[in-house]
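Below: the structure, in structure tokens.
In this note's numbering, the protein residues as written are 3 to 250.
Following this line, the structure appears as structure tokens:
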């Protein structure tokens, strides 16, 4: 019997030889995937923001310098908006003396000025105090009438009352449009343009042809006549104080 030849011992594999190669390949693939995802995000994020109104951050604007620029730009926009609001207030103040006399720095709360800057009633009327309001043309709306205030009475002519007996004049444009039309009629009446004027005691009654549609005739009679167009304004005043106004 041949002597048994001992088997040649196998060389042990170097530990970690293949393990070192695999992580490198894995890291490379992960880096490529991250780069691809970042590129897709950079391309698609602005489109998603524009289409859906989202506010996904832009990777290209993440530096501290960009954030500082955005803060400065936002502050500038707020200052410009404040200036525009103040200009609108100054333009709406008008030239009537009651506007300036109604301003008081001694008793006005600190935040009242900011409130008044954008707080014109119906977007037009200046608050004079004592429930009195002045329009840009100088008309005064104050307490009175069966409704308790002249503005409440005027509001009745900003919408139809189909069940009201007789005719009911209705202005176009809601309450703000109503006040604007009344101001325009007052300016025409003062110049005598297409205006008929008569006195009734202390009251002055102007009938002003505006030369255009200003509303329609409602109420029961107006609805029976299919709401004919109105182009004249009946304006009843005591000095500058409005008693009533309606289209006819």
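The C-beta atom is built at its ideal place from N, Cα and C for all residues, glycine as well.
Please read all numbers here as calculations on a predicted model, not as lab measurements.
- Around the CB of residue 38, fewer than 16 other CB atoms lie within 10 Å, so the residue is classed as exposed.
- Nearest to residue 193 by C-alpha distance, out of 33, 208 and 30, is 208.
- By the criterion of a C-beta distance shorter than 6 Å, residue 199 is surrounded in its chain by 208, once the five residues flanking it on both sides are discounted.
- Following the DSSP letters along the chain, one finds residue 187 in no beta strand (DSSP E) but inside the alpha helix (DSSP H) bounded by residues 176-193.
- Sorting 133, 168, 163 and 167 by C-alpha distance to the C-alpha of residue 152 places 133 at the top.
- Burial of residue 136 is indicated by the presence of at least 16 other C-beta atoms within 10 angstroms of its C-beta.
- Nearest to residue 239 by alpha-carbon distance, out of 44, 141 and 172, is 141.
- In this structure, DSSP gives residue 243 an extended state, which the three-state scheme calls strand.
- Using a 10 angstroms sphere on the CB of residue 42, the tally of other CB atoms stays under 16, which defines it as exposed.
- Exposure of residue 241 is indicated by the presence of fewer than 16 other C-beta atoms within 10 angstroms of its C-beta.
- Rounded to whole angstroms, the gap between the alpha carbons of residue 188 and residue 155 is 18 Å.
- Exposure of residue 250 is indicated by the presence of fewer than 16 other C-beta atoms within 10 angstroms of its C-beta.
- Sorting 223, 131, 160 and 124 by C-alpha distance to the C-alpha of residue 174 places 160 at the top.
- For residue 162, the three-state secondary structure derived from DSSP is coil.
- For residue 130, no alpha helix (DSSP H) segment is defined; the enclosing uninterrupted segment is the beta strand (DSSP E) at 128-131.
- Under the criterion of beta carbons closer than 8 Å, residue 210 and residue 234 qualify as touching, at roughly 6 Å.
- Annotation for residue 205: the continuous beta strand (DSSP E) segment containing it runs 205-211.
- Around the beta carbon of residue 180, a 10 Å sphere encloses 16 or more other beta carbons of the protein chains shown; the residue is thus reported as buried.
- Bounds of any alpha helix (DSSP H) do not take in residue 220; it lies within the beta strand (DSSP E) bounded by 217-220.
- Residue 177 is not a Cβ neighbour of residue 248, given a cutoff of 8 Å.
- The criterion of a C-beta distance shorter than 8 Å is satisfied by residue 222 and residue 168.
- One thing to note: residue 232 has its Cβ no nearer than 8 Å to the Cβ of residue 244.
- By the Cβ-count criterion, residue 46 is exposed, with fewer than 16 other Cβ atoms from all chains shown falling within 10 Å of its own Cβ.
- In this chain, the alpha helix (DSSP H) harbouring residue 152 covers 152-157.
- Between the alpha carbons of residue 214 and residue 230 lies a gap of roughly 13 Å.
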